[in-house]
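Step one of this worksheet: look at the structure below.
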Amino acid sequence: MEIQDLKPTIGIDIERVGFKGVRRRVSLMTPEGPMAFDVELDLYISVSSDRRGAHLSRNVEALYEILSQEGSHRSLEEYLDSLALKLLERHPYASKSATVARTSFYVDVDYEGLTGVEPVNVEVEVSRERGGDTVWSVSVSVVGLTVCPSAQTAIASTLGLETNIAPSHMQRVLLKGRVETMGEIVRIEKIAKALHKSFSAPAITLLKRPQEAELVLEAHKRPKLVEDVVREAIVNIASEISKLPDNTIIEVEALSMESIHPHNLYAQKRTTLGKLRREKS
Numbered sequence: 004m005e006i007q008d009l010k011p012t013i014g015i016d017i018e019r020v021g022f023k024g025v026r027r028r029v030s031l032m033t034p035e036g037p038m039a040f041d042v043e044l045d046l047y048i049s050v051s052s053d054r055r056g057a058h059l060s061r062n063v064e065a066l067y068e069i070l071s072q073e074g075s076h077r078s079l080e081e082y083l084d085s086l087a088l089k090l091l092e093r094h095p096y097a098s099k100s101a102t103v104a105r106t107s108f109y110v111d112v113d114y115e116g117l118t119g120v121e122p123v124n125v126e127v128e129v130s131r132e133r134g135g136d137t138v139w140s141v142s143v144s145v146v147g148l149t150v151c152p153s154a155q156t157a158i159a160s161t162l163g164l165e166t167n168i169a170p171s172h173m174q175r176v177l178l179k180g181r182v183e184t185m186g187e188i189v190r191i192e193k194i195a196k197a198l199h200k201s202f203s204a205p206a207i208t209l210l211k212r213p214q215e216a217e218l219v220l221e222a223h224k225r226p227k228l229v230e231d232v233v234r235e236a237i238v239n240i241a242s243e244i245s246k247l248p249d250n251t252i253i254e255v256e257a258l259s260m261e262s263i264h265p266h267n268l269y270a271q272k273r274t275t276l277g278k279l280r281r282e283k284s
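Counting with our numbering, you get residues 4 to 284 for the letters of the sequence shown.
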């Protein structure tokens, strides 16, 4: 009997144990054609209270077996699901497995005629319970701008200007949207599109001076609090995935990197499609 198979001194189960940050290239055959992603993978299983540990070299064996099936998966979710299932096969004593992939993706951004192909950070997770549920989630993080409506109103009053042309301070906002389903694929582009629409303006890599001016002026026509951004993102994501069932979970969080304060602002919302539908009916 190996040391991992012995009883622990303290009989407490472990929810997740495994490898974090394993770097690999994953090749997929998506509906749009072949794609390759450089990913960081996390590979986890559960350990019961009557076992001291897990045989973690089996995680790598499971990974190599799935890697050998290059091009046989349509999405990162399907790839991770196959890997999570393989982990349960390799660890018959485990009741749960989880696999996570972090990578970058590029999406088209179109804002008032200003366009760009912008990077977004993506995290996909699949968790499996032996004989139970399988949960898929995809998180997308984007960067954008907000114009403060409070300062804009005060400045307009002070200078006797129309509110929508009054200047205000701007801040960079990190916005993350997450969708959790019972095995449904949610496209990265749809979440990114919903998030980019939720700012005063998205951040665009290449802007000439006239375009910078245009973006700033247009952003001032859409002043938003961080709370506004989160509310709009929730609704925008729900609109993009409207065909999914009521138990689909949507979570949004925003971190506003304040320009005139030494601190930052944060807002978060987690709900289900069903709850949103009931609230709007």
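Note that beta-carbon positions come from the ideal geometry of N, C-alpha and C, so glycine has one too.
Report task. With a cut-off of 8 angstroms on the beta carbons, I'd call L177 and V146 a contact; round off their distance for me. Result -> Within the sequence shown, the letter at position 174 stands for residue 177. Within the sequence shown, the letter at position 143 stands for residue 146. The pair is a contact, with the Cβ atoms about 6 angstroms apart (cut-off 8 angstroms).
Query - Buried or exposed (CB count within 10 angstroms, at least 16 for buried), T303 - result: As displayed, the chain neither begins before 4 nor continues past 284, which places residue 303 out of reach and without an answer.
Report task. Identify which residue in I244, K227, M173 has its Cα closest to the Cα of A195. Result -> Start at 1 with the first residue of the sequence shown, and residue 195 comes out as number 192. The shortest C-alpha separation from A195 is found at I244.
Report task. Output the residue ranges of the beta strand (DSSP E) runs that lie fully inside the stretch 140-208 and measure 3 residues or longer, sorted by chain position. Result -> 173-184
Requested in this report: To the nearest angstrom, report how far apart G134 and K99 are at their CA atoms.
Outcome: Residue mapping note: residue 134 aligns to position 131 of the sequence shown, counting from 1. Residue mapping note: residue 99 aligns to position 96 of the sequence shown, counting from 1. Those two C-alpha atoms are separated by around 9 angstroms.
Requested in this report: Taking only the alpha-carbon atoms, compute the straight-line gap between F108 and I168 and give it to the nearest angstrom.
Outcome: Your numbering for residue 108 matches position 105 in the sequence shown. Your numbering for residue 168 matches position 165 in the sequence shown. Between F108 and I168, the C-alpha separation is close to 35 angstroms.
Query - CB of I48 within 7 angstroms of CB of A97, strictly - result: Numbered from its first residue, the sequence shown carries residue 48 at position 45. Numbered from its first residue, the sequence shown carries residue 97 at position 94. Yes; because the gap between Cβ atoms is below 7 angstroms, this pair is in contact.
Query raised in the report: What beta strand (DSSP E) runs, 3 residues minimum, are completely inside the stretch 50-86?
Result: none
Query raised in the report: Exposed or buried, Y269, counting other C-beta atoms within 10 Å across all chains shown (16 or more means buried)?
Result: Mapped onto the sequence shown, residue 269 falls at position 266. Y269 is exposed by the Cβ-count criterion.
Requested in this report: Identify the continuous alpha helix (DSSP H) that holds P213 and give its terminal residues.
Outcome: Against the sequence shown, residue 213 aligns to sequence position 210. Under the DSSP assignment, P213 falls in the alpha helix (DSSP H) whose first and last residues are 212-223.
Query raised in the report: What is the rounded straight-line gap between the Cα of H264 and the Cα of R77?
Result: Mapped onto the sequence shown, residue 264 falls at position 261. Mapped onto the sequence shown, residue 77 falls at position 74. Taking the straight line joining both Cα atoms gives about 46 angstroms.
Query raised in the report: What residues match up with P122 in a beta bridge as DSSP calls it?
Result: In the sequence shown, the residue the question calls residue 122 occupies position 119. Paired residue(s): Y109.
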